[in-house]
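Here's the structure, in C-alpha cells; my notes come after.
In the working numbering, the protein residues as written are 144 to 507.
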C-alpha cells in the first residue's frame, strides 16, 4: 500500500513489485482506492486497472553484456552463474517433472528432467553475468561461516621448471554434500593444466579463467577428505615461491544450507635445474659471510672450509639434503669455536657427483 501526497495532474503514483511463487496465469486488479483533492476532500476514483500476467514455468533466458543469450541462472540470488546455481542444480539432479525435488529453473534445456544435459549448459555458462537479471533476492542465503576448512597440499614437495605438480584440496571439519571454491595462483609462474576427480561424484565442474583463477565445484551424497586435485605446470625456474590460495569457498551442508568455509594457502617454488655453488657475499668479509648453493636432486652434502694448505678449518654441512636452495653462514671460526686469522680460505661442496670450490678472504 502506498500513499503519495501533494501530487497534481496525471502521472505515476507508485511502483509495486511482486515475486512469482509458481508458474501459470495470474490476474492483478486494482480493487479499491481514494483520492484527496486540493480542498482536502476525499473523492472516490473510478477503478479501471487490471492486468493478466503469465509466469513461465521453465528457466530464464538472459543476456550477457554482448547481447548473447544464455541460461544457467537458477537461484536468482544475483546476476551471476555461480556456486549457488551449481548447488541448486545438484539438489535437483536426477529428478523429473512432478517429482518432489524437481526444480523447473534447473531444467535448463526444458526436457522435463534435471540431468547431465542441464549440467553441461550450466558448466558452459558458469561465471557469466546477466545484464537483464531480475531484482536481486535471497533465495537461499549464505549462512554463518563453517568451522570446516579446505586445505591445499602438494602430492610431491618440489617441482622442477617445466614439470607438473598436483595440488590436493582436502575438506575437513564439515559435513557436506557439495563444495565450491576458487583457487588463485601466480599465472606468471604457473599454468593450469587440468583438474582430476578425487573419487566418484555425481557432478564435477572445473572452470579456469586463464588469468590465475580456477573455479571448482563438486556434489555428491557425502563429502569428506580429498575433494579435487588440480595439476599445474611451472613455467620456468624461480626462487621466490608462487602462492596458491583458496578463495570464495562455499559448502552445501547435509541440511541443505549454504555456508562459507575457510580456505588455506600453499607457497611453492621450483627446485634448481642444476647443481651450483655461488660466490660468498660479502667477499672479503669481516666478521661473517654468506654461502649459497643449489641442489638439483636429493644428495649427501658436504660443505667445508679449508685453509691455504688444504686443512679442514670448518665443516658447515655434513648431511643428506633434499633438492632446493640453501644458505649457510660462516662466522670466521673453526670447528673448535676459535676465530681464525686473516687470510685466504677455500670452501668446497660435494653433493653426489657434483663438486665445486671457490675462494674467500677474511680481513680484520
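Don't be surprised by glycine CBs; every beta carbon is placed ideally from N, CA and C. Since this is a predicted model, take the numbers as computed values, not measurements.
- Query: Does at least one heavy atom of the ligand NAD sit under 7 Å from the Cβ of residue 329?
  - Reply: You won't find the ligand NAD in this model; it holds no ligand whatsoever.
- Task: Buried or exposed for residue 413, please, with buried defined as at least 16 other CB atoms from any protein chain shown within 10 angstroms of its CB.
- Result: buried
- Message: In this structure, how does DSSP classify residue 235 when only helix, strand and coil are distinguished?
- Response: helix
- Task: Return the CA-CA distance between residue 504 and residue 322, expressed in angstroms with no decimal places.
- Result: 59 Å
- Measuring CB to CB, does residue 326 end up less than 8 Å from residue 271? no
- Can you say whether residue 423 is buried or exposed, counting buried as having 16 or more other CB atoms within 10 angstroms of its CB? Buried is the label assigned to residue 423, since at least 16 other Cβ atoms lie within 10 Å of its Cβ.
- Euclidean distance between Cα positions of residue 460 and residue 444: So the alpha carbons of these two residues sit roughly 7 Å apart.
- Message: Is it buried or exposed, residue 212, if we count other Cβ atoms within 10 angstroms and call 16 or more buried?
- Response: That one is exposed.
- Message: Quick check on this structure: which residue in 485, 484, 483, 500 has the alpha carbon closest to the alpha carbon of residue 491?
- Response: 500
- CB-CB length for residue 451 against residue 486, believed under 8 Å: 7 Å
- Query: According to the Cβ coordinates, are residue 204 and residue 189 closer than 8 Å?
  - Reply: Not closer than 8 Å, so no.
- Query: Using 8 Å as the threshold, is the stretch 400 to 418 in touch with the stretch 352 to 363, meaning 3 or more CB pairs across them?
  - Reply: no
- Assigned secondary structure, residue 274 (DSSP; H/G/I helix, E/B strand, else coil): coil
- Could you pull out every residue in the same chain whose Cβ sits closer than 7 Å to the Cβ of residue 497, ignoring the five residues on either side in sequence? 418
- Query: From which residue to which residue does the beta strand (DSSP E) around residue 308 run?
  - Reply: 307 to 327
- Message: Taking its Cβ as the centre, do 16 or more other Cβ atoms sit within 10 Å of residue 479, making it buried, or is it exposed?
- Response: exposed
- Exposure of residue 508, with buried meaning 16 or more beta-carbon neighbours within 10 Å: Since the first residue of the chain shown is 144 and the last is 507, residue 508 is not available in this structure.
- Check residue 265 in the structure and name its three-state DSSP category. Secondary structure of residue 265 (DSSP, three-state): helix.
- Starting from residue 502, trace the beta strand (DSSP E) both ways and give me its first and last residue. 497 to 505
- Let me know the beta strand (DSSP E) ranges lying completely inside the stretch 343 to 428, each 3 residues or longer, listed in chain order. 346 to 351, 356 to 377, 385 to 396, 401 to 403, 408 to 411
- Alpha carbon to alpha carbon, how far is residue 375 from residue 401? Give it in angstroms, no decimals. Roughly 29 Å between the two C-alpha positions.
- Message: Could you pull the DSSP bridge partners for residue 213 from this structure?
- Response: DSSP lists 205 as partners of residue 213.
- Look up residue 442 in the DSSP assignment and say whether it is helix, strand or coil. DSSP, read as helix, strand or coil, puts residue 442 in strand.
- Message: Considering Cα atoms alone, identify which of 218, 360, 337 is closest to residue 277.
- Response: Measuring from the Cα of residue 277, the nearest candidate turns out to be 218.
- Kindly indicate which three-state DSSP category residue 493 falls into: helix, strand or coil? DSSP, read as helix, strand or coil, puts residue 493 in strand.
- Task: Give the single residue among 426, 415, 430 whose Cα lies nearest to the Cα of residue 466.
- Result: For residue 466, the nearest C-alpha among the options comes from 415.
- Query: What are the residues that DSSP puts in a beta bridge with residue 297?
  - Reply: 310
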